[in-house]
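Q: My questions will all concern the structure given below.
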Amino acid sequence: GGTGAALTWEVGRCMAAQDWTGAVDILVGRGDGDAEHRDLRLAREAYNRREYRECLKHLPRAMLRERLVVQGMVRYDDPLRALQCVPHHTRSLWVTAFQSYVWNFMATQRIERHGLEPVPGDLITWAEVKPDVETTDQLQGAAEEEPAQGAVDGAASCVTTSPPPARQSAPRVEVVAWDGVAVHPVLDRAPTMQEVVLPLPGSDSMYPGGQASDIAESYKTMLSSFGVDFSAAAAAQRGKGAEKVARGAYRTVIQVPSDLTWGPLQADQPGGVGATFSFSLGSGSYATICIREILRSEASLAASGAVVESAP
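According to our numbering, the stretch in the sequence shown is residues 11 to 322, in order.
If you want it as structure tokens, here you go:
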């Protein structure tokens with residue numbers, strides 16, 4: 011997702027790599043050429059000439075995030091401060107999109123290399139504590155900067171504020187590396203694949219070891235190819251004005267829908283013959299993928315494979 015030619019995960023990749031100029035260039039400067047409206051094309055051309063005021067004259071008012079960033083460049087001529095004119099929630103979504111991009115590729119690698127059973131070294135969380143594994147307090151760092159009310163076209167104003175109140179998060183779930191021997195503390199059984207997790211990479215993330223240590227190496231290689239080192243970024247980005255760094259979280263490799271029900275769609279109902287499905291999924295899971303698996307077909311699997319193979 012993203013606006014125009016800017017993919018959300020690519021903006022997040024640059025932010026995770028502390029490449030603030032790259033993030034702004036992708037968000038504002040990348041375009042679809044002749045396919046774009048004339049004013050938008052002129053805005054992007056002006057931005058790429060670093061003529062920020064001229065860019066604002068042409069940038070559509072509906073492109074709120076891009077306008078906030080360019081206003082920040084007019085005022086500060088500093089890409090980090092310009093990005094911090096965008097609300098914190100949006101910035102964190104960009105970084106999470108990059109983390110999810112990496113996680114999706116690694117989940118595929120884990121299953122392709124080691125199958126659908128836990129192996130020693132896998133990270134697990136026992137199912138008896140079943141709040142969502144993905145925590146909501148992923149980011150750490152300095153106070154937030156949000157756009158001041160009444161910012162005008164020529165001069166955005168970002169003011170330092172206290173971080174927004176923390177959302178109520180699920181209780182912390184203990185993630186441990188399975189030694190191949192330990193059993194469920196209550197049910198006296200080995201872990202299942204539904205209890206195997208992989209990290210959304212961050213400064214505090216654990217990675218698999220043992221037989222699954224190759225997955226940890228793949229994380230390291232992939233992040234390095236993007237110029238991302240969350241731990242180094244967390245150590246360096248301290249003090250006033252610093253951007254928060256993702257601490258990391260975990261998602262289960264296999265997500266089983268709960269509360270699943272289905273039934274036939276009657277011929278006299280809108281849409282004609284078919285079926286209706288109802289189910290619940292945890293964070294980071296998508297109903298479209300669940301439906302694809304329910305309606306599993308060679309065509310959908312081939313399309314999915316093409317997307318995975320395009321990843322580095």
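Yeah, the Cβ is synthetic: ideal placement off N, Cα and C, and Gly gets one too.
Please report how far the alpha carbon of T298 lies from the alpha carbon of V79, in whole angstroms.
A: Working through the sequence shown from its first residue, we reach residue 298 at position 288. Working through the sequence shown from its first residue, we reach residue 79 at position 69. C-alpha separation (whole angstroms): 33 Å.
Q: In or out: Y229 buried (at least 16 other Cβ within 10 Å) or exposed?
A: Mapped onto the sequence shown, residue 229 falls at position 219. Under this definition Y229 is a buried residue.
Q: Let me know the secondary structure DSSP gives D269 once reduced to three states.
A: Locating residue 269 in the sequence shown gives position 259, counting from the first residue. Reduced to three states, the DSSP call for D269 is strand.
Q: Count the other CB atoms, across all protein chains shown, that sit within 10 Å of the CB of P274; report buried if there are 16 or more and exposed otherwise.
A: What you label residue 274 is simply residue 264 of the sequence shown in a count that begins at 1. Under this definition P274 is an exposed residue.
Q: Would the region 234-247 and the region 66-79 be scored as touching if the rule is three or more Cβ pairs under 8 Å?
A: No, because fewer than three Cβ pairs between the region 234-247 and the region 66-79 fall closer than 8 Å, the two stretches do not touch.
Q: Buried or exposed: R261, going by 16 or more other Cβ atoms within 10 Å of its Cβ?
A: Residue 261 sits at position 251 when you count from the first residue of the sequence shown. Looking at its Cβ environment, which holds 16 or more other Cβ atoms inside 10 Å, R261 is buried.
Q: Is the separation between the beta-carbon of D224 and that of W188 shorter than 9 Å?
A: What you label residue 224 is simply residue 214 of the sequence shown in a count that begins at 1. What you label residue 188 is simply residue 178 of the sequence shown in a count that begins at 1. Cβ atoms of D224 and W188: not closer than 9 Å.
Q: When the Cα atoms are used, what is the spatial distance from A321 to P89?
A: Position 311 of the sequence shown, counting from 1, holds the residue named residue 321. Position 79 of the sequence shown, counting from 1, holds the residue named residue 89. A caution first: A321 carries a pLDDT of 44, below 50, which makes its placement in the model too unreliable to give a value.
Q: Using 10 angstroms around the beta-carbon of W113, count the other beta-carbons present and answer buried if the total reaches 16, otherwise exposed.
A: For the purposes of this step, residue 113 is taken as the residue at position 103 of the sequence shown. Result: buried.
Q: State the Cα-Cα distance for the pair C65 and A242, rounded to the nearest angstrom.
A: By one-based count along the sequence shown, residue 65 stands at place 55. By one-based count along the sequence shown, residue 242 stands at place 232. Between C65 and A242, the C-alpha separation is close to 35 Å.
Q: If you drop the 5 nearest sequence neighbours on each side, which residues of the same chain put their C-beta closer than 6 Å to that of H68?
A: Here residue 68 is taken as the residue at index 58 of the sequence shown, counted from 1. Taken in chain order, the residues that qualify are D49, L52 and A53.
Q: Across which residues does DSSP place Y260 in a beta bridge pair?
A: Residue 260 sits at position 250 when you count from the first residue of the sequence shown. P209.
Q: Under the three-state reduction of DSSP, which class applies to L66: helix, strand or coil?
A: Position 56 of the sequence shown, counting from 1, holds the residue named residue 66. It is helical.
Q: Within 10 angstroms of its Cβ, does E253 collect 16 or more other Cβ (buried), or is it exposed?
A: For the purposes of this step, residue 253 is taken as residue 243 along the sequence shown, with counting starting at 1. Counting Cβ neighbours within 10 Å, E253 comes out buried, since at least 16 surround it.
Q: Could you tell me the distance, in whole angstroms, from the CA atom of G82 to the CA atom of R199?
A: For the purposes of this step, residue 82 is taken as the residue at position 72 of the sequence shown. For the purposes of this step, residue 199 is taken as the residue at position 189 of the sequence shown. Answer to the nearest angstrom: the Cα atoms are 56 Å apart.
Q: Do G258 and P209 have their CB atoms nearer than 9 Å?
A: Here residue 258 refers to the residue found at position 248 when the sequence shown is read from its first residue. Here residue 209 refers to the residue found at position 199 when the sequence shown is read from its first residue. Cβ distance < 9 Å, so G258 and P209 count as in contact.
Q: Between W104, A226 and T31, which lies nearest to L17 when the distance is taken from Cα to Cα?
A: As a first step, residue 17 is located in the sequence shown; it is residue number 7 there, counting from the start. Measuring from the Cα of L17, the nearest candidate turns out to be W104.
Q: Could you tell me whether the Cβ atoms of M25 and L93 are closer together than 9 Å?
A: Residue 25 sits at position 15 when you count from the first residue of the sequence shown. Residue 93 sits at position 83 when you count from the first residue of the sequence shown. In contact: M25 and L93 (Cβ atoms closer than 9 Å).
Q: Can you name the start and end residues of the alpha helix (DSSP H) that V285 belongs to?
A: Translated into positions along the sequence shown, residue 285 becomes position 275. Per the sequence presented here, residue 285 reads as Ala, with Val not at that position. First-last for A285: G284 to S290, but that is the beta strand (DSSP E), not the alpha helix (DSSP H).
Q: Look up L133 in the DSSP assignment and say whether it is helix, strand or coil.
A: Mapped onto the sequence shown, residue 133 falls at position 123. In this structure, L133 counts as strand in the three-state DSSP scheme.
Q: What does the alpha-carbon distance come out to for the pair H99 and T106?
A: On the sequence shown, residue 99 is found 89 positions in, with the first residue counted as 1. On the sequence shown, residue 106 is found 96 positions in, with the first residue counted as 1. One C-alpha to the other measures close to 10 Å.
Q: Would you kindly work out how many angstroms separate the C-alpha atoms of Y62 and G39, rounded to a whole number?
A: Within the sequence shown, residue 62 is the residue found at index 52, counting from 1. Within the sequence shown, residue 39 is the residue found at index 29, counting from 1. Approximately 11 Å between the Cα atoms of the pair.
Q: Reducing DSSP to helix, strand and coil, say where V186 ends up.
A: Indexing the sequence shown from 1 puts residue 186 at position 176. Strand, per DSSP.
Q: Considering only the alpha carbon of each residue, which of P267, D214 and G190 lies closest to L293?
A: As a position in the sequence shown, residue 293 is number 283, starting the count at 1. Before going on, a small fix: residue 293 reads as Ser here, not Leu. Ranking the options by Cα distance to S293, first place goes to P267.
Q: Out of curiosity, what's the CA-to-CA distance linking L126 and R101?
A: In the sequence shown, residue 126 corresponds to position 116, counting from 1. In the sequence shown, residue 101 corresponds to position 91, counting from 1. Each residue's Cα considered, the two are about 35 Å apart.
Q: Suppose contacts are defined by Cβ-Cβ distances below 9 Å. Is G22 in contact with Y111 by that definition?
A: For the purposes of this step, residue 22 is taken as the residue at position 12 of the sequence shown. For the purposes of this step, residue 111 is taken as the residue at position 101 of the sequence shown. Cβ distance < 9 Å, so G22 and Y111 count as in contact.
Q: Helix, strand or coil, according to DSSP, for P274 in the structure here?
A: As a first step, residue 274 is located in the sequence shown; it is residue number 264 there, counting from the start. P274 falls in the strand class under three-state DSSP.
Q: On the three-state DSSP scale, how would you describe V21?
A: Looking up residue 21 in the sequence shown gives position 11. DSSP places V21 in helix when its eight states are reduced to three.
Q: How should Y296 be labelled, buried or exposed, when 16 other C-beta atoms within 10 angstroms of its C-beta is the threshold for buried?
A: Indexing the sequence shown from 1 puts residue 296 at position 286. Its Cβ having fewer than 16 others within 10 Å, Y296 is exposed.
Q: Between the C-alpha atoms of G164 and Y86, what's the straight-line distance to the nearest angstrom?
A: Counting from 1 along the sequence shown, the entry for residue 164 is found at position 154. Counting from 1 along the sequence shown, the entry for residue 86 is found at position 76. In this prediction, G164 has a pLDDT of 43, which is less than 50 and means its spatial position is unreliable; what the coordinates show is noted afterwards. One C-alpha to the other measures close to 11 Å.
Q: Report the residue from D42, G41, D44 and D35 whose alpha carbon sits nearest the alpha carbon of R60.
A: Mapped onto the sequence shown, residue 60 falls at position 50. Among D42, G41, D44 and D35, the Cα nearest to that of R60 belongs to D35.
Q: Can you name, in chain order, every residue of its own chain whose Cβ lies under 6 Å from the Cβ of A56, other than the five neighbours on each side?
A: As a working mapping, residue 56 is identified with position 46 in the sequence shown. Once the five neighbours on either side are set aside, the close Cβ partners of A56 are E64 and C65.
Q: Quick check on P195: does DSSP put it in helix, strand or coil?
A: Within the sequence shown, the letter at position 185 stands for residue 195. The answer is coil: DSSP assigns P195 none of H, G, I, E or B.
Q: CA-CA distance, Y217 and W136?
A: Position 207 of the sequence shown, counted from the first residue, corresponds to residue 217. Position 126 of the sequence shown, counted from the first residue, corresponds to residue 136. Their Cα atoms are separated by approximately 17 Å.
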